[in-house]
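Residue numbers (the numbering used here): 5 to 250.
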Ligand SMILES: Nc1ncnc2c1ncn2[C@@H]1O[C@H](COP(=O)(O)OP(=O)(O)OP(=O)(O)O)[C@@H](O)[C@H]1O
Ligand SMILES: [Mg+2]
């Protein structure tokens with residue numbers, strides 16, 4: 005296959021019992037692109053992200069990552085996940101580890117990096133997410149926004165080629181949303197290929213190259229950011245957008 009796209013999803017289907025959650029979904033993501041995925045609750049956004057890093061096996065269809073068909077590579081799933089960073093709504097930090105230890109863990113355990121080197125990497129990343137002073141703090145001593153930035157640093161410690169964010173700011177108090185989005189926008193600007201499920205349309209406007217709209221398991225719209233915000237948008241996507249903006 006010619007590598008035209010960094011990530012290519014071709015007609016994936018997924019059901020849970022009798023409910024079809026992904027209906028022949030196709031999308032492509034180019035290297036360095038940031039794609040924002042929006043859509044009503046239950047439309048399949050999380051399932052789409054989880055199928056990309058093989059947390060959720062699909063029933064049919066194909067997923068190509070960096071030119072390789074990864075869809076049925078269950079045995080290689082752990083290798084793949086090293087290249088794909090994922091950030092969740094609820095941070096999921098290790099409560100018994102400090103911020104710096106949370107970031108050090110995967111490079112040490114999975115890549116075999118020495119503790120001194122992992123510490124250097126972690127300190128650099130905590131600086132990158134703007135909380136170098138919190139290195140020794142434990143998760144319960146950090147605000148939600150700080151915890152989420154540690155989670156981003158932890159994902160970056162594996163030097164991922166793709167970042168997936170699943171509603172990374174929806175559990176945060178409003179005043180902390182911005183600091184997390186700023187870090188994500190900076191990573192995107194630096195060329196980190198990213199797929200972001202979020203309804204923060206300010207972020208989408210600022211950082212997204214493309215907006216994908218899902219409804220009832222279908223990808224209804226995939227528009228460039230200019231088209232989308234310029235108003236050339238599918239009616240159903242428009243109605244949804246009106247709801248979340250008002
Ligand atoms: N493990 C599972 N077992 C059974 N059904 C599931 C499972 N995970 C998701 N679903 C169902 O699949 C559908 C899509 O869920 P998904 O979490 O992907 O939606 P979403 O768009 O991320 O929603 P939200 O905005 O609420 O996070 C929902 O109907 C959900 O109940
Ligand atoms: Mg979800």
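Built from N, CA and C at the ideal position, the CB exists for glycine as well.
Check: Between residue 60 and ligand 2, is the CB less than 7 Å from at least one heavy atom?
Finding: The residue labelled residue 60 in the question sits at position 56 within the chain shown. Answer for residue 60: no, Cβ out of range of ligand 2.
Item checked: Residues that DSSP places opposite residue 214 in a beta bridge -> Your numbering for residue 214 matches position 210 in the chain shown. The partner list for residue 214 (beta bridge, DSSP) reads 39 and 228.
Notebook entry, point to check: Taking 8 Å as the CB-CB limit, is residue 197 close to chain B?
Noted result: You won't find chain B in this structure, because it holds only one protein chain.
Item checked: DSSP-derived helix/strand/coil call for residue 244 -> Locating residue 244 in the chain shown gives position 240, counting from the first residue. Residue state, collapsed to three classes: helix.
Notebook entry, point to check: By Cβ distance below 7 Å, which residues in the same chain neighbour residue 215 in space, the five residues on each side in sequence not counted?
Noted result: Translated into the one-based positions of the chain shown, residue 215 becomes position 211. Cβ neighbours of residue 215 beyond the five flanking positions: 40, 42, 208, 227, 229 and 232.
Margin query: Mapping the DSSP letters down to three states, classify residue 162 as helix, strand or coil.
Written below: In the chain shown, residue 162 corresponds to position 158, counting from 1. If DSSP states are grouped into helix, strand and coil, residue 162 belongs with coil.
Check: With DSSP run on the structure shown, which of helix, strand or coil describes residue 32?
Finding: Looking up residue 32 in the chain shown gives position 28. The answer is strand: DSSP assigns residue 32 an E or B state.
Notebook entry, point to check: Are the beta-carbon atoms belonging to residue 163 and residue 133 less than 8 Å from one another?
Noted result: Along the chain shown, one-based indexing puts residue 163 at 159. Along the chain shown, one-based indexing puts residue 133 at 129. Their beta carbons are not under 8 Å apart, which means residue 163 does not touch residue 133 by this criterion.
Next item on the list: Quick one: measure Cβ to Cβ for residue 159 and residue 90, integer angstroms, because I've assumed they're closer than 8 Å.
Entry: Residue 159 sits at position 155 when you count from the first residue of the chain shown. Residue 90 sits at position 86 when you count from the first residue of the chain shown. So it is a contact: roughly 6 Å between Cβ atoms.
Next item on the list: Note down, in chain order, each residue of its chain lying with its Cβ closer than 6 Å to the Cβ of residue 27, except the 5 sequence neighbours on either side.
Entry: Counted from its first residue, the chain shown places residue 27 at position 23. Closer than 6 Å at the Cβ level, and outside the excluded window around residue 27, lie 221 and 222.
Notebook entry, point to check: Since residue 55 sits in a beta bridge, which residues does DSSP pair it with?
Noted result: Counting from one through the chain shown, the residue named residue 55 turns up at place 51. DSSP output for residue 55 lists no bridge partner at all.
Check: Using CA coordinates, which residue listed in 212, 205, 181 and 75 is at the minimum distance from residue 194?
Finding: The sequence position of residue 194 within the chain shown is 190, counting from 1. Considering only alpha carbons, the answer is 212.
Checklist line | Selected residue, minimal CA-CA separation from residue 2, among 67, 38, 10 and 44 | finding: Past the edges of the chain, shown from 5 to 250, lies residue 2, and the structure says nothing about it.
Next item on the list: Could you tell me which uninterrupted alpha helix (DSSP H) segments, each at least 4 residues in length, are contained entirely in the segment 91-167, listed from first to last along the chain?
Entry: 103-115, 119-132 and 148-160
Notebook entry, point to check: In terms of residues, what are the limits of the alpha helix (DSSP H) holding residue 190?
Noted result: Start at 1 with the first residue of the chain shown, and residue 190 comes out as number 186. Looking at the DSSP string, the run of the alpha helix (DSSP H) that includes residue 190 is 178-193.
Check: How is residue 19 classed by DSSP in three states: helix, strand or coil?
Finding: Locating residue 19 in the chain shown gives position 15, where the first residue counts as 1. In the structure shown, residue 19 sits in a strand (DSSP, three-state: E or B).
Check: What is the DSSP secondary structure of residue 24, counted as helix, strand or coil?
Finding: Indexing the chain shown from 1 puts residue 24 at position 20. Strand, per DSSP.
Next item on the list: Determine the extent of the beta strand (DSSP E) in which residue 199 is found, giving its start and end residues.
Entry: Position 195 of the chain shown, counting from 1, holds the residue named residue 199. In this chain, the beta strand (DSSP E) harbouring residue 199 covers 197-201.
Item checked: Beta-carbon proximity of residue 184 to residue 176, cut-off 8 Å -> On the chain shown, position 180 is the one that residue 184 refers to. On the chain shown, position 172 is the one that residue 176 refers to. Yes, Cβ-Cβ distance for residue 184 and residue 176 is below 8 Å.
Notebook entry, point to check: For residue 89, does the three-state DSSP call read helix, strand or coil?
Noted result: In the chain shown, counting from the first residue as 1, residue 89 sits at position 85. In the three-state DSSP reduction, residue 89 falls in the strand class (E or B).
Notebook entry, point to check: Can you find a heavy atom of ligand 1 that lies under 7 Å from the Cβ of residue 244?
Noted result: Within the chain shown, the letter at position 240 stands for residue 244. It does not: the Cβ of residue 244 is nowhere closer than 7 Å to a heavy atom of ligand 1.
Notebook entry, point to check: Would you call the CB atoms of residue 155 and residue 97 closer than 8 Å?
Noted result: What you label residue 155 is simply residue 151 of the chain shown in a count that begins at 1. What you label residue 97 is simply residue 93 of the chain shown in a count that begins at 1. In contact: residue 155 and residue 97 (Cβ atoms closer than 8 Å).
Check: Going by DSSP, which residues form a beta bridge with residue 74?
Finding: In the chain shown, residue 74 corresponds to position 70, counting from 1. Bridge partners of residue 74: none, in fact.
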